[in-house]
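Heads up: the sequence shown begins at 1 in this note's numbering, then just goes up one per residue. Presented below is the structure to which this report refers.
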Amino acid sequence: MRKRSRHALLLAERGVGPLLRRDYWAVIRRCRVSPARLMEDVKRHFASFAPSELVVFTRSDGRDAALEPGDDLEVKLAGDGRFRVRVLHANARSLTLGTEEGHPEAGRITFGSYRNRRGDVLFHIRSHARSSSSGYRAGFLAWGEVMQTSTWTDFVNRVAVAFGNGVVGFIHAETGFLEDEPPEYASCAPTFEARGG
1 MRKRSRHALL LAERGVGPLL RRDYWAVIRR CRVSPARLME DVKRHFASFA
51 PSELVVFTRS DGRDAALEPG DDLEVKLAGD GRFRVRVLHA NARSLTLGTE
101 EGHPEAGRIT FGSYRNRRGD VLFHIRSHAR SSSSGYRAGF LAWGEVMQTS
151 TWTDFVNRVA VAFGNGVVGF IHAETGFLED EPPEYASCAP TFEARGG
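Here is the structure:
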């Protein structure tokens, strides 16, 4: 039986500062697999796509299996300590993680793959989050934003190299502001629907 987390989820409504939507995505050049197959491998080998000099993910239960709802990951951020995230949602083309108490951010992040109208495979990461405290907000503004962008653009690039010939053009990184979300949506729903593929 899987061991459940003892830490409460840290929903975006409990954080401070603006609720941000951050997108990191790219078209994969000559992708060799379908979006569903790509995400199957990302869920099984999630930690291997993260740049270890910036962040290290470790399964709390030590299992060697694809991530699924209820699983916890320990997150070791360079220069910022250890925190935890929980798998909130997973389907054939996406995986959503939520932050737990103690994390620098309050919110969730979705990793997904889908096809565009031309049939190209995309890999996309979108977070809906705000800082979890005033202190973390100051740190995010000082250095955290650059580190976060580097982490997720590197993740996108590693996926593109693993399943294709890198990215077409460049990796897109965009930030926008959101209105508060209903708690029932913010607690488990993906930040976007990965459709097509």
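Where a beta carbon is used, it is the ideal one built from N, C-alpha and C, also for glycine.
{"Query": "Alpha-carbon to alpha-carbon, Ser132 and Arg37", "Result": "34 Å"}
{"Query": "Burial state of Asn116, where buried means 16 or more other Cβ atoms lie within 10 Å", "Result": "exposed"}
{"Query": "Rounded C-alpha distance that separates Arg118 from Ser134", "Result": "44 Å"}
{"Query": "Minimum C-alpha distance to Arg21 - residue among Ser94, Ala129, Ala186 and Pro190", "Result": "Ala129"}
{"Query": "Cutoff 6 Å; reference Ala186; Cβ partners in own chain excluding five residues on either side", "Result": "Leu11 and Ala12"}
{"Query": "Own chain partners of Phe83 with C-beta closer than 6 Å, once the 5 adjacent residues on each side are dropped", "Result": "Val75, Gly102 and His103"}
{"Query": "Burial state of Phe46, where buried means 16 or more other Cβ atoms lie within 10 Å", "Result": "buried"}
{"Query": "Whether Phe49 touches Val159 by CB criterion (8 Å)", "Result": "yes"}
{"Query": "Three-state secondary structure (DSSP) of Ser5", "Result": "Confidence at Ser5 is low in this model, with a pLDDT of 48, below 50, so the placement of that residue should be treated as unreliable; the coordinate-derived value is given next. If DSSP states are grouped into helix, strand and coil, Ser5 belongs with coil."}
{"Query": "Neighbour-count burial assignment, Thr175, 16 or more Cβ in a 10 Å radius", "Result": "exposed"}
{"Query": "Boundaries (first-last residue) of the alpha helix (DSSP H) holding Arg158", "Result": "Glu145 to Phe163"}
{"Query": "At least three beta-carbon pairs within less than 8 Å, the region 18-32 to the region 163-170", "Result": "yes"}
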